[in-house]
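Participant:
There are 2 protein chains.
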Amino acid sequence: MPSRKPTITDVAALAGVSVAAVSKVVNGKGSISAATRERVLTAASKLRWTPSAAAVALRSAKTRAIGMVAKRSPDLLSADPHFTLLISGIESELSPLGYGLLLHIVGEEPSAEEAAYRRLADERRVDGVVLTESRIGDTRFELLRTLGVNAVLIGTPWRDDPVPSVQATGLDSGLRAAVEHLVAHGHRRVAYVSGPEDRVHTLYRRRVVEDALAAHDLAPSHSIVSDFTAAGAVDATARLLADRRRPTAVLFANDSMAVAGMSAARRLGVDVPGELSVIGHDDLPLGELVYPQLTTVRQDLVGLGRAAARVLLASLDEIEDASVEVRPPELVVRESTGPAPDRT
Amino acid sequence: MPSRKPTITDVAALAGVSVAAVSKVVNGKGSISAATRERVLTAASKLRWTPSAAAVALRSAKTRAIGMVAKRSPDLLSADPHFTLLISGIESELSPLGYGLLLHIVGEEPSAEEAAYRRLADERRVDGVVLTESRIGDTRFELLRTLGVNAVLIGTPWRDDPVPSVQATGLDSGLRAAVEHLVAHGHRRVAYVSGPEDRVHTLYRRRVVEDALAAHDLAPSHSIVSDFTAAGAVDATARLLADRRRPTAVLFANDSMAVAGMSAARRLGVDVPGELSVIGHDDLPLGELVYPQLTTVRQDLVGLGRAAARVLLASLDEIEDASVEVRPPELVVRESTGPAPDRT
DNA sequence: GGCCACAGGTATATCGTTTAACCTGGCGTC
DNA sequence: GACGCCAGGTTAAACGATATACCTGTGGCC
Numbered sequence: 552m553p554s555r556k557p558t559i560t561d562v563a564a565l566a567g568v569s570v571a572a573v574s575k576v577v578n579g580k581g582s583i584s585a586a587t588r589e590r591v592l593t594a595a596s597k598l599r600w601t602p603s604a605a606a607v608a609l610r611s612a613k614t615r616a617i618g619m620v621a622k623r624s625p626d627l628l629s630a631d632p633h634f635t636l637l638i639s640g641i642e643s644e645l646s647p648l649g650y651g652l653l654l655h656i657v658g659e660e661p662s663a664e665e666a667a668y669r670r671l672a673d674e675r676r677v678d679g680v681v682l683t684e685s686r687i688g689d690t691r692f693e694l695l696r697t698l699g700v701n702a703v704l705i706g707t708p709w710r711d712d713p714v715p716s717v718q719a720t721g722l723d724s725g726l727r728a729a730v731e732h733l734v735a736h737g738h739r740r741v742a743y744v745s746g747p748e749d750r751v752h753t754l755y756r757r758r759v760v761e762d763a764l765a766a767h768d769l770a771p772s773h774s775i776v777s778d779f780t781a782a783g784a785v786d787a788t789a790r791l792l793a794d795r796r797r798p799t800a801v802l803f804a805n806d807s808m809a810v811a812g813m814s815a816a817r818r819l820g821v822d823v824p825g826e827l828s829v830i831g832h833d834d835l836p837l838g839e840l841v842y843p844q845l846t847t848v849r850q851d852l853v854g855l856g857r858a859a860a861r862v863l864l865a866s867l868d869e870i871e872d873a874s875v876e877v878r879p880p881e882l883v884v885r886e887s888t889g890p891a892p893d894r895t
Numbered sequence: 552m553p554s555r556k557p558t559i560t561d562v563a564a565l566a567g568v569s570v571a572a573v574s575k576v577v578n579g580k581g582s583i584s585a586a587t588r589e590r591v592l593t594a595a596s597k598l599r600w601t602p603s604a605a606a607v608a609l610r611s612a613k614t615r616a617i618g619m620v621a622k623r624s625p626d627l628l629s630a631d632p633h634f635t636l637l638i639s640g641i642e643s644e645l646s647p648l649g650y651g652l653l654l655h656i657v658g659e660e661p662s663a664e665e666a667a668y669r670r671l672a673d674e675r676r677v678d679g680v681v682l683t684e685s686r687i688g689d690t691r692f693e694l695l696r697t698l699g700v701n702a703v704l705i706g707t708p709w710r711d712d713p714v715p716s717v718q719a720t721g722l723d724s725g726l727r728a729a730v731e732h733l734v735a736h737g738h739r740r741v742a743y744v745s746g747p748e749d750r751v752h753t754l755y756r757r758r759v760v761e762d763a764l765a766a767h768d769l770a771p772s773h774s775i776v777s778d779f780t781a782a783g784a785v786d787a788t789a790r791l792l793a794d795r796r797r798p799t800a801v802l803f804a805n806d807s808m809a810v811a812g813m814s815a816a817r818r819l820g821v822d823v824p825g826e827l828s829v830i831g832h833d834d835l836p837l838g839e840l841v842y843p844q845l846t847t848v849r850q851d852l853v854g855l856g857r858a859a860a861r862v863l864l865a866s867l868d869e870i871e872d873a874s875v876e877v878r879p880p881e882l883v884v885r886e887s888t889g890p891a892p893d894r895t
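Taken in sequence, the protein lines are chains A and B. Okay, so the first sequence: first residue is 552 according to the numbering used here, each after it adds one. Okay, so the second sequence: first residue is 552 according to the numbering used here, each after it adds one.
(1) Using DSSP with H/G/I as helix, E/B as strand and the rest coil, what is residue 687 of chain A?
(2) Which of the three DSSP states, helix, strand or coil, is assigned to residue 578 of chain A?
(3) Going along the chain, which residues of the segment 826-854 of chain A sit with their C-beta nearer than 9 Å to a C-beta in chain B?
(4) Along the chain, where does the alpha helix (DSSP H) containing residue 761 of chain A start, and where does it finish?
(5) By the criterion of Cβ-Cβ separation under 7 Å, what are the contact partners of residue 592 of chain A in chain B?
(6) Taking only beta-carbon positions, decide if residue 651 of chain A is within less than 7 Å of chain B.
(7) Consult DSSP for residue 822 of chain B and reduce its assignment to one of helix, strand or coil.
(8) At which residues does the alpha helix (DSSP H) containing residue 733 of chain B begin and terminate?
(9) Drop a sphere of 10 angstroms on the beta-carbon of residue 891 of chain B, count the other beta-carbons inside from all chains shown, and report buried for 16 or more, exposed for fewer.
(10) Less than 7 Å between the beta carbons of residue 818 of chain B and residue 650 of chain A, yes or no?
(11) Does residue 882 of chain A pass the burial test, meaning 16 or more other C-beta atoms within 10 Å, or should it be called exposed?
(12) Compute the beta-carbon to beta-carbon distance between residue 653 of chain A and residue 653 of chain B, rounded to the nearest angstrom, for a pair I have assumed lies under 8 Å.
(13) What are the residues in the segment 804-815 of chain B lying within 7 Å of chain A by C-beta distance?
(14) Taking the beta carbon of residue 687 of chain A as the centre, do at least 16 other beta carbons fall within 10 Å, making it buried, or is it exposed?
(15) Of the choices A:769, A:823, A:785, A:717, whose alpha-carbon is the least far from that of residue 876 of chain A?
(16) At the level of alpha carbons, what is the spacing between residue 797 of chain B and residue 791 of chain B?
(17) According to DSSP, is residue 828 of chain A part of a helix, a strand, or is it coil?
(18) Per DSSP, which one or two residues make a beta bridge with residue 803 of chain B?
(19) Suppose the cutoff is 8 Å on Cβ atoms and the five residues either side in sequence are ignored; what does the same chain contact list for residue 871 of chain B look like?
(20) Is any beta-carbon of chain B found at less than 7 Å from that of residue 557 of chain A?
(21) My output table needs one value for residue 679 of chain A: the three-state DSSP class, helix, strand or coil.
(22) Between which two residues does the alpha helix (DSSP H) harbouring residue 643 of chain B extend?
(23) Report yes if the C-beta distance between residue 846 of chain A and residue 885 of chain A is below 7 Å; otherwise report no.
(24) Reducing DSSP to helix, strand and coil, say where residue 622 of chain A ends up.
(25) Report the residue from B:705, B:735, B:764, B:601 whose alpha carbon sits nearest the alpha carbon of residue 751 of chain B.
(26) For the segment 738-767 of chain B, which residues have a beta carbon sitting closer than 7 Å to at least one beta carbon of chain A?
(27) Is residue 559 of chain B helix, strand or coil when you go by DSSP?
(28) Output the distance between the C-alpha atoms of residue 603 of chain A and residue 804 of chain A, rounded to the nearest integer angstrom.
(29) When DSSP labels each residue in this structure, what does residue 869 of chain A get in the three-state scheme?
(30) Have a look at residue 822 of chain B and residue 854 of chain A and give me their C-alpha separation to the nearest angstrom.
(31) Does the beta carbon of residue 632 of chain A sit closer than 7 Å to a beta carbon anywhere in chain B?
(32) Give me the Cα-Cα distance between residue 708 of chain A and residue 685 of chain A, rounded to the nearest whole angstrom.
(33) If we define contact as Cβ-Cβ less than 7 Å, is residue 864 of chain B a contact residue for chain A?
(34) How many Å lie between residue 781 of chain A and residue 783 of chain B at the Cα?
(35) Write down the C-beta distance between residue 848 of chain A and residue 764 of chain A rounded to the nearest angstrom, noting that I regard them as a contact closer than 8 Å.
(36) Going by C-alpha to C-alpha distance, which of A:738, A:665, A:591 sits closest to residue 893 of chain A?
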């Protein structure tokens, strides 16, 4: 069994043509007659030949791979499958085209992330990268621009920036619906527990909530800035409930926090949704697992991943039409919300 | 701004040496005087030069990347961050050595997985792969062997096989402790809800449970085969609780199922842990989020990922000592277990 | 002093593709 | 009948590193 990997030369020999001819048929360039194309193709499949990624990358300066670096500790990462869903979406677009996804997970150390991008760029391992979690004062766009790497952002850039980005249409609709839902159920004291303030969506969503409440002459009863951890959510919940003018409903920035908050409330003897309504964000499977099931704002994370991948692929001239449907965020009403309790 | 990427030639020119010399210093081969080494190094850093991954891969037939293919639907993937933790562990070992992780997520279609491995191998994109979820009748070892790809399995191979594998020491200790815990609390009717039967650990764990119970002259009151889905867990729980000789405790094959089962029980008006004790497996952050918090068998998934990476790196002669500490599984007692209810 | 060994390099082939530049035979056109 | 042109190839030069083979000047040793 000749275990040596076949090369284009072997294929050319078997087909009785030059290596250039083989290259042309597999890349669909130049003009090759149907007859020889056929010969080449059968020779290739007979030898189970596939172009070496390294050689192609070297010669054509295209790696057919895209990169992603996730900045998060293992703990947070596994508590919130946000990334996982995005990755699924990305992969579903890359796979059919034979593109690979090079993933780097870096901890919270500030320099690690930049180093990861640099390495990806310097070693020329990827043709582009997808950025997640748009941050305020984000330096990554600038960095990648100087590194000469294609990038696409999932989310809204923190300021007007030429970096391509993808986001759901009707971005605020889900959150608005959530607020309406609460107000319609008689809630007047609604709290908002956000994620870290350096995230763009943190501010954006807070504004949407304020806006939506303002339409009813209301304002958030409390506005707490938290991290994405369970401990943070528990702490926030405890503080909210300790207030003698405690909220009757609380919106959390993601599902993990919402679930943690809900549990914290129940642990403190506060019934959900009887005494407190809770709404999450993202609609992770987690929300359906728990009791009571979580009312949440569904976000099409898989769709966002796909969209990002397509934008990137389009900028690499790999596909023409980058568009893909990203379902707008929508409210999913389950069990964790209900009518506001009677006046305390 | 000359945006062209610097090459080894530029560095050599700047340092006033031959390209071969540069190559030698960056690879630490041959003999180079400290003085020229210094010159080369400063030249390299002045130009921000890093060897092109493609060129290195082509010339030395080493890609400095390892691959992983996860076979799971996006839904399951995000419900159970199992993979994510393994990946974190793997990455933490790869990163420092400049290795990349090429990730492929394939759906449940049977051929997709094999195709992904083949592509990885044929295109020579990786130096090795890590396999997860050891299956009974697993054909991947054979496949990778014929493809000539290094592999390491996280888990126990289904039969004696030369493929290297990593697993925690004292593999059964956690589950045994779980059973002891239940028995000590007076439980006599203990059910086991497993994952799909094609997984090696499914059978293994069931045997461990049976064994541990047998030591007390007991046997599982019920043994249900489920998938890893929430729906499956809910269904299993409903069936268990419908039995008039219902179990007083149930062990689930993973935390997601356990949480879903726990919720299902509560929804049916069954108190946890008052009337039913529930134990999960893996100790995902999820278990701490919910109320009551989940008693579970902790598995050092990050450690397993690290171990797998190190074994692979060692077989690539990248490191000498593959060993890494994988914490043995241990029981984490939280709130979802308690004394068996009084004789019904 | 002559010879060898060795440290410290240099020159060059090579990895497997792509691609620009070049050939060639046959056909349509004037 | 000469010419040009084009389909359908071929040749050979890159791409950016690594590694083998080969130099050269010292110093040690007898």
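Built from N, CA and C at the ideal position, the CB exists for glycine as well.
Facilitator: According to the structure data:
(1) Taking the first residue of the first sequence as 1, we reach residue 687 of chain A at position 136. Coil.
(2) What you label residue 578 of chain A is simply residue 27 of the first sequence in a count that begins at 1. If DSSP states are grouped into helix, strand and coil, residue 578 of chain A belongs with the helices.
(3) 835, 836, 837, 839, 840, 841, 842, 843, 844, 852, 853
(4) In the first sequence, residue 761 of chain A corresponds to position 210, counting from 1. Its alpha helix (DSSP H) spans residues 751-765.
(5) As a working mapping, residue 592 of chain A is identified with position 41 in the first sequence. Under the 7 Å cutoff, chain B gives no residues; its nearest Cβ is about 15 Å from residue 592 of chain A.
(6) What you label residue 651 of chain A is simply residue 100 of the first sequence in a count that begins at 1. For residue 651 of chain A, the answer is yes, since a Cβ of chain B falls inside 7 Å of its Cβ.
(7) As a working mapping, residue 822 of chain B is identified with position 271 in the second sequence. It is coil, neither helix nor strand.
(8) Locating residue 733 of chain B in the second sequence gives position 182, where the first residue counts as 1. Start and end: 724-735.
(9) On the second sequence, position 340 is the one that residue 891 of chain B refers to. Looking at its Cβ environment, which holds 16 or more other Cβ atoms inside 10 Å, residue 891 of chain B is buried.
(10) Numbered from 1 along the second sequence, position 267 holds the residue referred to as residue 818 of chain B. Numbered from 1 along the first sequence, position 99 holds the residue referred to as residue 650 of chain A. No; because the gap between Cβ atoms is not below 7 Å, this pair is not in contact.
(11) Within the first sequence, residue 882 of chain A is the residue found at index 331, counting from 1. Under this definition residue 882 of chain A is a buried residue.
(12) The sequence position of residue 653 of chain A within the first sequence is 102, counting from 1. The sequence position of residue 653 of chain B within the second sequence is 102, counting from 1. So it is a contact: roughly 6 Å between Cβ atoms.
(13) 807, 810, 811, 814
(14) Position 136 of the first sequence, counted from the start, is the residue given in the question as residue 687 of chain A. It counts as exposed.
(15) Locating residue 876 of chain A in the first sequence gives position 325, where the first residue counts as 1. Nearest option by C-alpha distance: A:717.
(16) Indexing the second sequence from 1 puts residue 797 of chain B at position 246. Indexing the second sequence from 1 puts residue 791 of chain B at position 240. Near 6 Å, if we compare the C-alpha coordinates of residue 791 of chain B and residue 797 of chain B.
(17) Position 277 of the first sequence holds residue 828 of chain A. In this structure, residue 828 of chain A counts as strand in the three-state DSSP scheme.
(18) Counted from its first residue, the second sequence places residue 803 of chain B at position 252. Answer by DSSP bridge pairing, in chain order: B:744.
(19) Walking along the second sequence from the start, residue 871 of chain B turns up at place 320. Around residue 871 of chain B: 865.
(20) Position 6 of the first sequence, counted from the first residue, corresponds to residue 557 of chain A. Chain B, which has no Cβ nearer than 7 Å to the Cβ of residue 557 of chain A, makes this no.
(21) Counting from 1 along the first sequence, the entry for residue 679 of chain A is found at position 128. Strand at residue 679 of chain A.
(22) Taking the second sequence and counting its residues from 1, the one referred to as residue 643 of chain B is at position 92. Run containing residue 643 of chain B: 633-645, per the alpha helix (DSSP H) assignment.
(23) What you label residue 846 of chain A is simply residue 295 of the first sequence in a count that begins at 1. What you label residue 885 of chain A is simply residue 334 of the first sequence in a count that begins at 1. Cβ distance < 7 Å, so residue 846 of chain A and residue 885 of chain A count as in contact.
(24) Along the first sequence, read from residue 1 onward, the residue named residue 622 of chain A stands at position 71. DSSP places residue 622 of chain A in strand when its eight states are reduced to three.
(25) Start at 1 with the first residue of the second sequence, and residue 751 of chain B comes out as number 200. Nearest option by C-alpha distance: B:705.
(26) none
(27) The count along the second sequence starts at 1 and reaches residue 559 of chain B at position 8. Helix, per DSSP.
(28) Residue mapping note: residue 603 of chain A aligns to position 52 of the first sequence, counting from 1. Residue mapping note: residue 804 of chain A aligns to position 253 of the first sequence, counting from 1. One C-alpha to the other measures close to 45 Å.
(29) Residue mapping note: residue 869 of chain A aligns to position 318 of the first sequence, counting from 1. DSSP places residue 869 of chain A in coil when its eight states are reduced to three.
(30) Position 271 of the second sequence, counted from the start, is the residue given in the question as residue 822 of chain B. Position 303 of the first sequence, counted from the start, is the residue given in the question as residue 854 of chain A. Taking the straight line from one Cα to the other gives about 39 Å.
(31) The residue labelled residue 632 of chain A in the question sits at position 81 within the first sequence. Interface residue, yes.
(32) Counting from one through the first sequence, the residue named residue 708 of chain A turns up at place 157. Counting from one through the first sequence, the residue named residue 685 of chain A turns up at place 134. In a straight line, the C-alpha of residue 708 of chain A is about 6 Å away from that of residue 685 of chain A.
(33) In the second sequence, counting from the first residue as 1, residue 864 of chain B sits at position 313. Not an interface residue.
(34) Against the first sequence, residue 781 of chain A aligns to sequence position 230. Against the second sequence, residue 783 of chain B aligns to sequence position 232. So the alpha carbons of these two residues sit roughly 27 Å apart.
(35) Residue numbering aside, residue 848 of chain A sits at position 297 when the first sequence is read from its first letter. Residue numbering aside, residue 764 of chain A sits at position 213 when the first sequence is read from its first letter. Not quite, the Cβ-Cβ distance comes to about 15 Å (not below 8 Å), so this is no contact.
(36) Sequence index remark: in the first sequence, residue 893 of chain A carries index 342 (1-based). Looking at the Cα atoms, A:738 is the closest of the given residues.
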